[in-house]
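Here is the structure we will look at.
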Amino acid sequence: AKVYYTKLGVEDAESAADVTRVLDRAAGFLRTEVAKGSSLRTVPKLTFKFDESVGRGRHMEDLLGKARASDARHSEQDETDED
Numbered sequence: 635a636k637v638y639y640t641k642l643g644v645e646d647a648e649s650a651a652d653v654t655r656v657l658d659r660a661a662g663f664l665r666t667e668v669a670k671g672s673s674l675r676t677v678p679k680l681t682f683k684f685d686e687s688v689g690r691g692r693h694m695e696d697l698l699g700k701a702r703a704s705d706a707r708h709s710e711q712d713e714t715d716e717d
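If you want it as structure tokens, here you go:
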């Protein structure tokens with residue numbers, strides 16, 4: 635099973651590589667804990683992947699903010715030009 639995770643303040647997989655290594659080392663223990671709490675006959679192997687969607691979302695928000703600011707500047711400029 636793929637387990638996607640995020641780390642506060644980190645937006646790319648390279649920066650989170652240390653966390654991925656720690657989680658990979660703990661995978662056996664975590665798998666055992668999952669098995670204890672479930673009724674599955676077999677528990678899937680856990681693989682950890684950094685979820686980059688938070689960083690992509692923040693980037694999109696930045697782009698939208700810049701677009702809104704640009705629109706506001708153009709709108710103000712148009713109003714000034716009409717006077």
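For the sequence shown, counting from 1, position 53 maps to 687 in the numbering used here; every step adds exactly one. Every residue gets a Cβ at the ideal spot worked out from N, C-alpha and C, and that includes glycine.
State the start and end residues of the unbroken alpha helix (DSSP H) segment that holds residue i.
i    : result
V668 : A661 to K670
Kindly indicate which three-state DSSP category residue i falls into: helix, strand or coil?
i    : result
V688 : helix
T654 : helix
T714 : helix
Rounding to the nearest angstrom, what Cα-Cα distance links residue i and residue j in this structure?
i    : j    : result
V653 : S687 : 17 Å
E713 : G699 : 21 Å
E695 : L642 : 17 Å
With a threshold of 8 Å on Cβ separation, who are the neighbours of residue i within its own chain once the five nearest residues in sequence on each side are excluded?
i    : result
A669 : V677
A635 : P678, K679, L680 and T681
Within a Cβ cutoff of 6 Å, which residues of the same chain sit near residue i, ignoring the five residues on either side of it in sequence?
i    : result
P640 : Checking the sequence shown, residue 640 turns out to be Thr, not Pro. Excluding sequence neighbours, T640 sits near D685 and V688.
In terms of residues, what are the limits of the beta strand (DSSP E) holding residue i?
i    : result
V677 : Where V677 is concerned, there is no enclosing beta strand (DSSP E), given that its DSSP letter is neither H nor E.
Check: Should the region 654 to 666 be regarded as contacting the region 677 to 686, the criterion being three or more beta carbon pairs within less than 8 Å?
Finding: yes
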